[in-house]
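One structure below.
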Amino acid sequence: MSAGALLPDLEVIRKDFPILERTLEGGFPLVYLDSANTSQKPQVVIDAMVDHLERHNANIARAMHQLGAESTEAFEGARDKVATFLNAPSRDEVIFTKNASEALNLVARTFPLGPGDRVVITEMEHHSNIVPWQLACERSGASLDWFGIAEDGTLDLSRIDELLSPGTKVVALTWVSNMLGTINPVAEIARRAHEIGAVVVLDASQAAPHLPVDVQAVDADFVAFTGHKVTGPTGIGVLWGRTELLNALPPFLGGGEMIATVSMEKSTWAPIPHKFEAGTPPIVEAVGLGAAIDYISHVGLDAIHAHEVAITAHLLDGLASVSGVRVLGPLDAAHRGGAVSFELAGVHPHDVAQLLDSRGIAVRAGHHCAKPAHKRFGVQSSTRASSYLYTTPAEIDALIDGLEYTKNYFKVG
Amino acid sequence: MSAGALLPDLEVIRKDFPILERTLEGGFPLVYLDSANTSQKPQVVIDAMVDHLERHNANIARAMHQLGAESTEAFEGARDKVATFLNAPSRDEVIFTKNASEALNLVARTFPLGPGDRVVITEMEHHSNIVPWQLACERSGASLDWFGIAEDGTLDLSRIDELLSPGTKVVALTWVSNMLGTINPVAEIARRAHEIGAVVVLDASQAAPHLPVDVQAVDADFVAFTGHKVTGPTGIGVLWGRTELLNALPPFLGGGEMIATVSMEKSTWAPIPHKFEAGTPPIVEAVGLGAAIDYISHVGLDAIHAHEVAITAHLLDGLASVSGVRVLGPLDAAHRGGAVSFELAGVHPHDVAQLLDSRGIAVRAGHHCAKPAHKRFGVQSSTRASSYLYTTPAEIDALIDGLEYTKNYFKVG
Amino acid sequence: MDLDALYQEIILDHYRNPHHAGLRDPFESEVHHVNPTCGDEVTLRVHLNEDGTVGDVSYDAEGCSISQASASVMTDLVIGRPLSEALDTHAAFLELMQGKGQVEPDEDVLEDGIAFAGVAKFPARVKCALLSWMAFKDAAVQAQGEPA
Amino acid sequence: MDLDALYQEIILDHYRNPHHAGLRDPFESEVHHVNPTCGDEVTLRVHLNEDGTVGDVSYDAEGCSISQASASVMTDLVIGRPLSEALDTHAAFLELMQGKGQVEPDEDVLEDGIAFAGVAKFPARVKCALLSWMAFKDAAVQAQGEPA
Ligand SMILES: Cc1ncc(COP(=O)(O)O)c(C=O)c1O
Ligand SMILES: Cc1ncc(COP(=O)(O)O)c(C=O)c1O
Chain A
1 MSAGALLPDL EVIRKDFPIL ERTLEGGFPL VYLDSANTSQ KPQVVIDAMV DHLERHNANI
61 ARAMHQLGAE STEAFEGARD KVATFLNAPS RDEVIFTKNA SEALNLVART FPLGPGDRVV
121 ITEMEHHSNI VPWQLACERS GASLDWFGIA EDGTLDLSRI DELLSPGTKV VALTWVSNML
181 GTINPVAEIA RRAHEIGAVV VLDASQAAPH LPVDVQAVDA DFVAFTGHKV TGPTGIGVLW
241 GRTELLNALP PFLGGGEMIA TVSMEKSTWA PIPHKFEAGT PPIVEAVGLG AAIDYISHVG
301 LDAIHAHEVA ITAHLLDGLA SVSGVRVLGP LDAAHRGGAV SFELAGVHPH DVAQLLDSRG
361 IAVRAGHHCA KPAHKRFGVQ SSTRASSYLY TTPAEIDALI DGLEYTKNYF KVG
Chain B
1 MSAGALLPDL EVIRKDFPIL ERTLEGGFPL VYLDSANTSQ KPQVVIDAMV DHLERHNANI
61 ARAMHQLGAE STEAFEGARD KVATFLNAPS RDEVIFTKNA SEALNLVART FPLGPGDRVV
121 ITEMEHHSNI VPWQLACERS GASLDWFGIA EDGTLDLSRI DELLSPGTKV VALTWVSNML
181 GTINPVAEIA RRAHEIGAVV VLDASQAAPH LPVDVQAVDA DFVAFTGHKV TGPTGIGVLW
241 GRTELLNALP PFLGGGEMIA TVSMEKSTWA PIPHKFEAGT PPIVEAVGLG AAIDYISHVG
301 LDAIHAHEVA ITAHLLDGLA SVSGVRVLGP LDAAHRGGAV SFELAGVHPH DVAQLLDSRG
361 IAVRAGHHCA KPAHKRFGVQ SSTRASSYLY TTPAEIDALI DGLEYTKNYF KVG
Chain C
1 MDLDALYQEI ILDHYRNPHH AGLRDPFESE VHHVNPTCGD EVTLRVHLNE DGTVGDVSYD
61 AEGCSISQAS ASVMTDLVIG RPLSEALDTH AAFLELMQGK GQVEPDEDVL EDGIAFAGVA
121 KFPARVKCAL LSWMAFKDAA VQAQGEPA
Chain D
1 MDLDALYQEI ILDHYRNPHH AGLRDPFESE VHHVNPTCGD EVTLRVHLNE DGTVGDVSYD
61 AEGCSISQAS ASVMTDLVIG RPLSEALDTH AAFLELMQGK GQVEPDEDVL EDGIAFAGVA
121 KFPARVKCAL LSWMAFKDAA VQAQGEPA
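Same order as they appear, the protein sequences are chains A, B, C and D.
Using the UniProt record's numbering, you'd call the opening residue of the first sequence number 1 and step up by one each time.
Using the UniProt record's numbering, you'd call the opening residue of the second sequence number 1 and step up by one each time.
Using the UniProt record's numbering, you'd call the opening residue of the third sequence number 1 and step up by one each time.
Using the UniProt record's numbering, you'd call the opening residue of the fourth sequence number 1 and step up by one each time.
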């Protein structure tokens, strides 16, 4: 896949993110290695939101005064940006939700399923792409099955013929694993799924920050991602879906602007995307997301991915130098994402994270909302370091030093 | 009810809202009379959000580093503020949603209903408190019935014995109408509903900005409101519910942090409020909402309501002076909210709004997401002026002048 | 704000005295379109002649001056014309409305419709102007599928 | 950051050599508690004697140093005590943990538990320290309802 190369103007990019100037307790500078959890925000995103709130705030669509027109243009302009970002055939296929979880629930709640139907997911899904399907199967009588994980952290495709066989109506999987970093062969799975008439739902929450996401190139049917991981604000997510599929789904939430007409007896629905956007949407959040997409597109997703590969290679090398570390997931930086989960023998992940935190290094400890994948590797929790376009090799070095310090503190190894 | 009195420091309050300094096309200063649609934001709310994004941004709960702790404290602190604002018996009863519409859908989707059960709403509901119940009844086989509207815009209680009779499981109604301005006798209806064992769902979207909302005083079971109407940001709403009811409801959206444990075969749920907060919640939005609640609480809800009464009285007087105007809704400012919808004979509401907009005056024209209430009064749409704590009598005068100008332009009356 | 560019005399004239208003027989298709945001509504019927010309377009519309005048102008432009020409006119009007004020209207094609050039600068009103035109296209396509 | 206040020697000792670990018979109630955020888990059994004292508390816990040590200290403090006293100790520990570092612990009541005073200043770790205590309370209440 791509070769690694640090972003040439990394120091300039870091200046775009005000929080990177924070110092923490003890005077340590922030080393933020938790970007797979949520990304930091560049000044342009914050400024776009402030400008909207201070100068253009109004409700959209329903308001037909000048502020309303400005606000509507800003909001719908963000939809155009997302459509371009995803290479969506139509802007009307872009639905704003509150986060990726809502986007996935929207599909799982509304997609028609019944007894005898099968939904296929994977063992490496985030809980947000497991639980909605468990609930959907429980409601509908459909059955749930899944791809396992191979020992090297890649998807175990050995049962593919059985899993992708008639009866399977939905194949829902993550593009990039938030725990293992695995990049899944989504285009190939979509091809196989379409042969048996199943729809493919891609969870692009970890892909959208780092890779060019082209919904047409991978031939997806639905794609979800979340604003706060692509340098945008919380409170906004995206569901993209094919027009004909979205048109066929019943509404999800009722109310506000999702209607064509309402009488006490009966209501009818607005066309997409509005059918799925009940109530006042996340307006200032869409403005922020639009600015975020402009920002990362300007840096370039290819360049961001190359940076991720370079940083991840450096991280994997560093971890390999620490005795007692076991990485969970693929070990070749060129074929994986930037989230790296690992164990440190003799120290619980909470305690690892605590020690690192005492030196200003922010990582995640726990199950990262991927309990089944942890169970697959026989662990209850892990420590995860994850990078983004502002991460430097020196920050990775600080982490590696911090792990040695941790081992000393707990007198292991 | 309350006597009107303008806020004594109105000019100081206006300075808190940066957008009020905007001038619009033609050099007109902004006269914002669309606050029932969305409120403007004070600088403190914007600053709190900026500070969070620039200095404390991290995901919550799951992140156990210093930024994560700061972010979690800010988010959970906002929950405490909302609990106090509502006089909720427990902070765990406060669930953050994306808006009021989602809050109402959450209840309508999860509350157990079946054939033979009845849901009672009113003809003056916002679509967000109609459509979710229509969908719930369609799914469950329950029936839907409603209180009508009397000629003076108050709730028609003549059928109360029939409506609130055994079989009725849910009574869902708005505290204050967003179209008519009517304040409903919610405590009395709750009392009657509880006699027959029904639960009461209050849509406080228009009440929360203007009145002290005490969930215990009115003895509600569920209460919904929305952040962007109480000087907070978009992207956040609140559902409050009684602990025992919330505990009994099944989950709504699945994923992220709403679980106790997940395996591929089966999942179990976290305790409230987390059970209903799937995925990354609206973090910076909660911070903004917390600041907003601090702000309006500092001014005082009683003082804000008195201001609303004074402004509304002035507005109703002004409208009475314009021939051809017909107000839809109660005419006594002391017993109504601040949203005033009206017709102007011979000019369509769109054209009224357009003419006013050309003079910098922002009002709403349309059905205000209350089609049934419009139908009740034999109109398809109306013009609505609505005030908030920053509204001045001079702005009302500008509106009245604008209406005379409109009549001249279209050569009516 | 240039109100007079929006409310051209021609528009106000059509608004006060709409042409071809009311629902009439015969017709092959009837549609009902709404503008969900503001609630403007139109019920519209199309009658096609055997020779492929538009025999009649009749309608019952509720809405603002722009949407009412637009319906009136539209019927003037399409009734009696070959359907293909009428649809070309529809396309030209759509282009004008979506042009954000940058498109120069062709008076030979749009006649009174050029008065709506100013509406294109008011994004919130574009939907009003398009309501009946969209309904016409929808109904015409349906009518083509029906035996005359 | 005062790591040594968090990781007191007493805590690390209990972590390395947890007291009363493992699941044992007899017991009247067994509960399973998780910290949903990080996945720490404890399965815990309570056996009450006929005289109302806590006969045994046995557990199988997976978690960080703080949660493991806390389970160990808790068993030391409650086993052999009258249940009402044990629940008072629970209340005292809860107060200490929720006190944000402002509560002065009473060594007579909490014994080794006072080592957790430092944990109260680390909000993210409070849940770890409380996991087994909450499980104990839950199980004890259930056991009371059962015939011994
Ligand atoms: C009475 C009422 N209920 C519900 C809503 C819906 O609020 P939101 O659009 O924020 O979901 C509104 C406002 O739009 C309202 O006025
Ligand atoms: C792979 C994956 N899917 C889904 C989600 C859920 O995103 P959100 O919490 O914004 O709904 C996340 C992140 O938490 C993720 O990493």
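Ideal placement from N, C-alpha and C gives every residue a C-beta, glycine not left out.
For G329 of chain A, there is no enclosing alpha helix (DSSP H), since its DSSP letter is neither H nor E. Residue environment: E11 of chain B is assigned as exposed (fewer than 16 neighbouring CB atoms within 10 Å of its CB, all protein chains considered). Contiguous beta strand (DSSP E) elements confined to the segment 121 to 173 of chain A occur at 143 to 149, taking only those with 3 or more residues. Secondary structure of V57 of chain C (DSSP, three-state): strand.
Contact residues of ligand 1 (beta-carbon closer than 5 angstroms to any heavy atom; chain order) are A:G256, A:G279, A:T280, B:N99, B:A100, B:S101, B:H126, B:S128, B:T174, B:N178, B:D203, B:S205, B:Q206 and B:T226. Closer than 8 angstroms to the CB of M134 of chain D there is not a single CB belonging to chain A.
Per DSSP, reduced to three states, the secondary structure at Y409 of chain B is helical. Counting the other CB atoms within 10 Å of its CB gives D112 of chain D a total of 16 or more, which places it among the buried residues.
The C-alpha of M264 of chain B is placed about 18 angstroms away from the C-alpha of L202 of chain A. Contact annotation, L106 of chain B with F342 of chain B: C-beta distance approximately 34 angstroms; criterion of less than 8 angstroms not satisfied. Interface criterion not met: the Cβ of A129 of chain D is under 8 angstroms from no Cβ in chain B. Contact of V34 of chain D with chain B is assigned, a C-beta pair being separated by under 8 angstroms.
Between I13 of chain A and Q40 of chain A, the C-beta gap is not smaller than 8 angstroms, which leaves the two residues out of contact.
Assignment of H367 of chain A by DSSP, reduced to helix, strand and coil, places it in the coil class. In the three-state reduction of the DSSP assignment, D138 of chain C falls in the helix class, which pools H, G and I. If you keep only unbroken beta strand (DSSP E) runs of at least 3 residues inside the segment 228 to 312 of chain A, you get 237 to 241, 259 to 262 and 267 to 269. Interface annotation, S65 of chain D: in contact with chain A, CB-CB separation under 8 angstroms. At a cut-off of 8 angstroms between C-beta atoms, E162 of chain A does not count as an interface residue with respect to chain D.
Around I259 of chain B, the same chain offers S267, T268, W269 and A270 as residues with beta carbons nearer than 8 angstroms, after the five sequence neighbours per side are excluded.
Residue-level contact check: I259 of chain A touches chain C, since one or more beta carbons of chain C fall below 8 angstroms from its beta carbon.
At least 8 angstroms separates the beta-carbon of A129 of chain D from that of L44 of chain D.
If you check the C-beta of A398 of chain B against ligand 2, you find no heavy atom less than 7 angstroms away. Taking all protein chains shown into account, R326 of chain B has fewer than 16 neighbouring C-beta atoms within 10 Å of its C-beta and is therefore exposed. Using a CB distance cut-off of 8 angstroms, T37 of chain C counts as an interface residue toward chain A.
Between the segment 278 to 298 of chain B and the segment 40 to 51 of chain B, the count of C-beta pairs closer than 8 angstroms reaches three or more; the two stretches touch. The beta carbon of C38 of chain C sits no closer than 7 angstroms to any heavy atom of ligand 2. Residue-level contact by beta carbon holds for Q380 of chain B and chain C, with a gap shorter than 8 angstroms.
The Cβ atoms of T406 of chain B and L356 of chain B sit closer than 8 angstroms to each other. Secondary structure at R24 of chain D: coil, using DSSP grouped into helix, strand and coil. Assigned with DSSP and collapsed to three states, Y32 of chain A falls in strand.
Setting aside the 5 residues that flank it on each side, E62 of chain C is surrounded in the same chain by D40 and E41, each with a C-beta closer than 7 angstroms to its C-beta; the list follows chain order.
Across the segment 325 to 341 of chain A, no CB contact with chain C closer than 9 angstroms is found for any residue. With 16 or more other Cβ atoms inside 10 Å of its own Cβ, T383 of chain B counts as buried. The beta carbons of P112 of chain B and G360 of chain B sit no closer together than 8 angstroms.
Take the alpha-carbon of M1 of chain C and the one of R22 of chain B: they are about 16 angstroms apart.
Straight through space, the alpha carbons of E85 of chain D and H126 of chain A are spaced by roughly 43 angstroms.
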